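Mapping to this note's numbering: the sequence shown position 99 is 206, numbers consecutive.
Here the structure is laid out as structure tokens; the discussion comes afterwards.
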Amino acid sequence: MTEIPEHLLNRSKARRAEASGAAPSDNAPAQTESAPATPAPAKAAAPVVAKPVAQDPAYVVAAKSRRKIPFWAMTALATLPVWAMLYLIALKPAEKVVAGPLSIGTTVYSSCAGCHGAEGAGGAGRVLYQGEVMKTFPRIEDMLNFVYNGSQKYVAAGIKQYGDPNREGGAHVPLSYNGNPMPMQGEKAGG
């Protein structure tokens, strides 16, 4: 504590005595305890007054107080349009794709029937039925080569006849039937 002057202590005592109605005592010095001097406490910083917070509008308060959608439900709702598109695609009936040896044979036969006739009786092309093909081509490899390449390759190569040279009725010559060529049926020709 700091040292308080004596006269101030006496005056304070006298006033207390007057206030209580007691007789003032003599001017004896007041006893003070001497304590080591300590520095006065520092002034406390002025308290920071919080600024008033602006109230949220009613629609913000409503949005904050309303129940939220769970994360798993939001994920399900987000994937719903994708599922709907896949469902609509699945509703359309799938077109039957006919594949296999019979369908391929039907396609090939229809391209042959245009010239050789539906029954193979001839037309723009030679007769194929009643064993005529077997007379001309006793070996299947020769017939497949002729069908694949067509008669134009034989003409370009200078081949004068095709098939079996000992054929009954004589060997066939390219372009000898109505002057029509046998078109190429290989992969390059789309066959």
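Cβ atoms here follow ideal geometry from the backbone N, Cα and C, with glycine treated the same way.
Treat the numbers as computed from the prediction; the structure is a model and nothing was measured.
I need the straight-line Cα distance from residue i to residue j, nearest angstrom please.
i       : j       : result
Thr-214 : Lys-242 : 25 Å
Val-167 : Ala-161 : 12 Å
Asp-249 : Gly-293 : 14 Å
Ala-228 : Val-234 : 5 Å
With DSSP collapsed to three states, give me the class of residue i.
i       : result
Tyr-236 : coil
Tyr-269 : strand
Glu-226 : coil
Thr-109 : coil
Met-291 : coil
Ala-305 : With the chain represented from 108 up to 298, any question about residue 305 goes unanswered, as that position is not in the structure.
Phe-244 : coil
Is the CB-CB distance between residue i and residue j below 8 Å?
i       : j       : result
Tyr-284 : Gly-224 : no
Tyr-236 : Phe-253 : no
Pro-281 : Ser-258 : yes
Could you please give the first and the last residue of the uninterrupted alpha helix (DSSP H) stretch that includes residue i?
i       : result
Val-215 : 208-223
Thr-182 : 178-198
Tyr-284 : Unbroken run through Tyr-284: none, as it is neither H nor E.
Asp-163 : First-last for Asp-163: undefined, no H or E at that position.
Val-262 : 258-264
Arg-123 : 113-127
Which residues does DSSP list as the beta-bridge partners of residue i?
i       : result
His-279 : Tyr-269
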